[in-house]
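Protein chains: 2
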Amino acid sequence: MSNTHWTLAARAAKMNPSVIREILKVTERPGIISFAGGLPSSKTFPVAEFEAACAKVLRDDPAGALQYASSEGYAPLREQVAAMLSEQAAAQGQHWDVNPGNVLITTGSQQGLDLVAKVLLDKGSRALVESPTYLGAVMAFVPMEPDVVSVASHDEGIDVDDLRAKAQGHDARFLYVLPNFQNPTGRTMSEAGRAALSATAADLGLPLMEDNPYGDLWFDTPPPPSLTARNPDGGIYLGSFSKVLAPGLRMGFIVAPSAVYPKLLQAKQAADLHSPGFNQRLIYEVSQDGFLARHVPTIRALYKSQRDAMLHALAQHFPDAATQPEQSLTWNSPAGGMFLWARLPVGMNAVDLLPHAVDKGVAFVPGAPFYASEPDARSIRLSFVTPSVEEIHRGVAALAAAIKEQQGR
Amino acid sequence: MSNTHWTLAARAAKMNPSVIREILKVTERPGIISFAGGLPSSKTFPVAEFEAACAKVLRDDPAGALQYASSEGYAPLREQVAAMLSEQAAAQGQHWDVNPGNVLITTGSQQGLDLVAKVLLDKGSRALVESPTYLGAVMAFVPMEPDVVSVASHDEGIDVDDLRAKAQGHDARFLYVLPNFQNPTGRTMSEAGRAALSATAADLGLPLMEDNPYGDLWFDTPPPPSLTARNPDGGIYLGSFSKVLAPGLRMGFIVAPSAVYPKLLQAKQAADLHSPGFNQRLIYEVSQDGFLARHVPTIRALYKSQRDAMLHALAQHFPDAATQPEQSLTWNSPAGGMFLWARLPVGMNAVDLLPHAVDKGVAFVPGAPFYASEPDARSIRLSFVTPSVEEIHRGVAALAAAIKEQQGR
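Top to bottom, those sequences are chains A and B. According to my numbering, the residues represented by the first sequence are 1 to 409, in order. According to my numbering, the residues represented by the second sequence are 1 to 409, in order.
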């Protein structure tokens with residue numbers, strides 16, 4: 001038949017395949033030790049508990065679990081989320097009385113980013129982000145055609161002067177932050193950093209979008225209290241069950257103030273009617289009887305031991321990091337989560353190094369794609385959660401060999 | 001803390017709660033017989049098969065089912081969808097060789113509508129729809145700010161002259177059609193109507209977006225072959241497992257030509273990374289060994305008997321429909337699906353009638369909200385699939401009483 005004219009929306013030209021997914025294709029050779037993944041360890045998935053929950057849900061309420069349901073989400077799960085956040089805040093001396101009516105269950109927290117973008121971003125408005133930031137958030141914002149603008153960030157948090165300069169008079173709709181064990185850097189905003197950011201945002205009237213997929217995965221002490229808990233009407237909180245239970249059920253949630261909740265709900269309804277009712281009940285059932293309080297510490301312990309292995313291997317293979325930091329790999333020591341952030345010696349480029357590292361048998365993710373502007377070409381992200389301790393040692397050795405070889409040229 | 005300035009995107013002002021969901025709140029009184037729902041009968045959900053599938057998936061491949069996965073979808077399910085559509089087309093004498101590489105698994109077919117809108121609709125471009133049309137599609141299109149324009153439609157299909165007039169020179173991006181047992185009218189495009197539409201669309205170079213959630217639910221003979229099968233490069237096909245297995249897993253799919261597939265995939269990745277891998281495996285497992293070929297006929301038989309009961313009750317309570325159609329309720333006889341479309345006597349208004357009908361103990365959905373323009377205020381949608389045969393008889397009697405009482409005023 002004749003040629004159909006497919007006219008794509010202007011926004012489609014701005015949508016691109018994830019640079020990182022493309023990079024990862026290089027690393028998918030068998031036998032490669034991968035520090036490149038962004039996946040939780042599948043060893044942590046509570047398979048037996050999910051099996052029991054499937055049986056219980058399909059026995060007790062099959063019609064409820066398998067039928068169409070409300071766009072807001074399964075009421076008991078919304079109540080559980082509200083109670084969990086309120087309790088966490090109280091335990092940290094914050095008063096954050098989360099109302100289940102402000103909780104919207106999403107199909108993974110990635111969907112939360114998509115809904116927020118739809119409701120808050122106009123073409124040409126500003127979405128402020130950390131530098132570097134989570135790439136999936138930028139991917140979710142881009143279809144709404146905002147200007148995604150980096151705010152200078154450091155180990156303690158956000159540079160509030162730069163925030164002020166980039167927000168005021170620029171139609172900035174929000175600042176997106178991942179304060180706990182950030183993807184990609186693994187870093188955590190300090191209490192002072194949070195207090196400064198919270199005060200500045202309130203002063204600017206700037207909404208904060210707080211993404212917290214990793215907050216429960218602390219190693220020694222919980223991170224400082226949430227930004228949203230400090231000013232619940234001034235922010236949107238995005239949560240996820242992907243890192244504490246399993247990502248394959250795609251279950252996350254938004255807590256949003258009443259100023260935006262109804263529009264987020266309408267966007268949710270238009271996007272997929274509702275999140276799978278079966279999955280919502282599985283998450284709810286598995287979380288009963290204090291299971292999370294028993295389960296999450298086992299994930300913390302595992303990831304901490306893996307982080308320790310990586311820190312140990314790095315110290316062993318890069319003994320000059322402290323004395324000659326410009327000639328060595330340097331790295332941070334994340335207090336939780338899944339990622340460690342490192343920097344190659346002066347003059348090296350992570351994208352160029354990657355194929356040589358893969359030849360030696362190890363993969364990582366170059367850090368540059370995580371910057372909305374002014375990428376640091378020397379930065380790399382190393383995930384420590386999926387390889388074994390033995391693989392971590394071999395992988396770091398291979399990385400060291402690849403770097404040494406490149407330095408020798 | 002100080003007041004946060006929430007600036008909503010311009011599109012948010014155009015997003016509204018589903019009129020129908022609002023209407024349905026009136027009908028949620030206990031004891032009301034509801035013809036208003038849009039839900040499949042939960043009696044048809046294969047609960048035992050889902051239980052077995054849960055156990056198998058969590059035993060055989062728990063890490064695969066519970067881990068992050070590819071945005072395209074679970075490969076065996078994509079292959080199954082491609083084979084199923086190719087076989088269906090072949091059985092109807094069409095050659096449609098669906099490549100699994102053109103199948104994208106979505107979180108319900110509603111998400112397919114959202115992704116298509118993102119990729120194809122600019123602000124001010126045209127989305128053409130049937131008159132009336134599925135409200136959820138309009139809800140999915142509206143956030144991208146197109147002009148949603150109705151094309152005159154009739155029992156055989158689309159008025160191709162009106163289509164030509166509304167497409168040519170108007171930046172029309174596609175025509176959205178639901179050719180089989182449409183929601184809300186229950187009507188089905190004839191072979192002649194499809195041939196005419198397909199030829200006109202090809203001549204115009206206009207993409208067709210074919211939504212087919214109900215196509216398998218035919219009562220006596222399958223509907224004529226798919227529009228997309230006639231010109232696969234000229235259309236996008238949206239399918240769903242909601243009506244043949246269960247909606248609560250939110251599983252649907254898109255088949256899209258290579259001209260748009262990569263952008264739909266990127267939109268999918270940004271929207272929720274991927275559809276739940278666990279659910280995809282459940283759908284795949286439950287569909288094995290010819291289960292759908294045994295199961296779907298039981299749904300057809302159930303819904304057919306329910307439709308027959310409704311037709312019988314309508315004929316009994318509105319005996320003057322043929323002789324005095326303007327003074328009576330009139331209705332069509334759908335050849336499949338879940339809905340029957342009826343028209344109130346001259347001078348009556350469905351929205352006004354609804355509370356009186358609810359007082360008599362029966363609920364329906366007024367047809368007006370399903371029209372993107374020029375609503376027919378006398379039209380009503382009646383679902384025959386969830387009430388029992390006995391309830392159908394009582395409900396139609398109550399509807400007749402409400403109409404008679406209103407006519408007597």
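Every residue, glycine too, gets a C-beta built ideally from N, C-alpha and C. From a predicted model like this one, the values you see are computed outputs, not experimental measurements.
Subject >> alpha helix (DSSP H) segment containing R126 (chain A), residue limits >> reply: First-last for R126 (chain A): R126 to V129, but that is the beta strand (DSSP E), not the alpha helix (DSSP H).
Subject >> Of the listed residues A:A267, A:P225 and A:L249, nearest to L8 (chain B) (C-alpha basis) >> reply: A:A267
**OP:** Compute the Euclidean distance between the alpha carbons of P213 (chain B) and V286 (chain A), then round it to the nearest angstrom.
**Re:** 32 Å
Subject >> Proximity to R126 (chain A) [Cα-Cα], best of A:Q67, A:A165, A:K56 and A:V389 >> reply: A:A165
Original post:
Excluding five sequence neighbours on each side, which residues of the same chain lie with their C-beta closer than 7 Å to the C-beta of V98 (chain B)?
Top reply: A82, L85, S86 and V255
**OP:** Could you check if S383 (chain B) is buried or exposed, using at least 16 other CB atoms within 10 Å of its CB as the buried criterion?
**Re:** buried
**OP:** Less than 8 Å between the CB atoms is what I'm expecting for L208 (chain B) and L178 (chain B), so what's the real figure, rounded?
**Re:** Not quite, the Cβ-Cβ distance comes to about 11 Å (not below 8 Å), so this is no contact.
Original post:
So, is the C-beta of Q269 (chain A) closer than 8 Å to a C-beta in chain B?
Top reply: Yes, Q269 (chain A) lies at the interface with chain B (some Cβ there is under 8 Å from its Cβ).
Original post:
Of all Cβ atoms in chain A, is any one closer than 8 Å to the Cβ of Q288 (chain B)?
Top reply: no
Subject >> Where Y303 (chain B) falls: helix, strand or coil (DSSP) >> reply: helix
Original post:
So is K14 (chain A) buried or exposed if we call it buried at 16+ other beta carbons inside 10 Å?
Top reply: exposed
Original post:
Looking only at C-alpha atoms, which of A:S333, A:N279, A:M310 and A:L245 sits nearest to P297 (chain A)?
Top reply: A:L245
Original post:
Below 8 Å between beta carbons: does that hold for E156 (chain B) and G193 (chain B)?
Top reply: Result yes, Cβ atoms of E156 (chain B) and G193 (chain B) sit closer than 8 Å.
Original post:
Is there a Cβ from chain A that is less than 8 Å from the Cβ of K118 (chain B)?
Top reply: By this cut-off, K118 (chain B) is an interface position.
Original post:
So is H95 (chain A) buried or exposed if we call it buried at 16+ other beta carbons inside 10 Å?
Top reply: exposed
Original post:
Which ranges does the beta strand (DSSP E) cover as unbroken runs of at least 3 residues, wholly within the stretch 302–372 of chain A, from first to last along the chain?
Top reply: 339–343
Subject >> Neighbouring residues, chain A, relative to L8 (chain B) (Cβ below 8 Å) >> reply: V119, L120, V260 and K263
Subject >> Of the listed residues A:Q182, A:A321, A:D161 and A:A322, nearest to D203 (chain A) (C-alpha basis) >> reply: A:D161
Original post:
Excluding sequence positions up to five away, which residues of its chain have a Cβ less than 6 Å from the Cβ of P40 (chain B)?
Top reply: K243
Subject >> Local Cβ density within 10 Å of P132 (chain A), reported as buried at 16 or more and exposed below that >> reply: Burial call: buried.
**OP:** Select from B:V149, B:A350 and B:W331 the residue whose C-alpha is nearest the C-alpha of W341 (chain B).
**Re:** Selected option, being the one with the closest Cα: B:W331.
**OP:** Check whether the Cβ atoms of P416 (chain B) and L329 (chain B) sit closer than 8 Å, and answer yes or no.
**Re:** Given a span of 1 to 409 for chain B in the structure shown, any question on residue 416 (chain B) remains unanswerable.
**OP:** Between the Cα of A363 (chain B) and those of B:D352, B:R21, B:I32 and B:A12, spot the shortest distance and give me the residue it belongs to.
**Re:** B:I32
Original post:
When you compare only the Cα positions, how much space is there between A36 (chain A) and S333 (chain A)?
Top reply: 17 Å
Original post:
Does the beta-carbon of R281 (chain A) have 16 or more other beta-carbons within 10 angstroms, so that it is buried, or is it exposed?
Top reply: buried
**OP:** Would you tell me roughly how many angstroms separate the C-alpha atoms of R394 (chain A) and R21 (chain B), rounded to the nearest one?
**Re:** About 58 Å.
Original post:
With 8 Å set as the bound, which would you pick, yes or no: does the beta-carbon of N16 (chain A) sit closer than that to a beta-carbon of chain B?
Top reply: Proximity of N16 (chain A) to chain B, defined by a Cβ-Cβ separation below 8 Å, is satisfied.
Original post:
Can a CB atom of chain A be found closer than 8 Å to the CB of V47 (chain B)?
Top reply: yes
**OP:** Output yes if chain A places a C-beta closer than 8 Å to the C-beta of N279 (chain B); else output no.
**Re:** yes
Subject >> F35 (chain A) at chain B interface by Cβ criterion, 8 Å >> reply: no
Subject >> beta strand (DSSP E) runs wholly inside the stretch 29–106 of chain B, at least 3 long, in chain order >> reply: 103–106
**OP:** Hey, could you find the ends of the beta strand (DSSP E) G205 (chain A) is sitting in?
**Re:** Note, G205 (chain A): premise wrong, no beta strand (DSSP E); not H, not E.
Subject >> Exposure label - H317 (chain B); buried when at least 16 CB within 10 Å >> reply: buried
**OP:** Mind checking which residues open and close the alpha helix (DSSP H) that includes L115 (chain B)?
**Re:** DSSP places L115 (chain B) in the uninterrupted alpha helix (DSSP H) bounded by S109 to L120.
Subject >> Cβ of A89 (chain A) within 8 Å of any chain B Cβ >> reply: no
Original post:
With 16 as the cutoff for other CB atoms within 10 Å, does R187 (chain B) come out buried or exposed?
Top reply: buried
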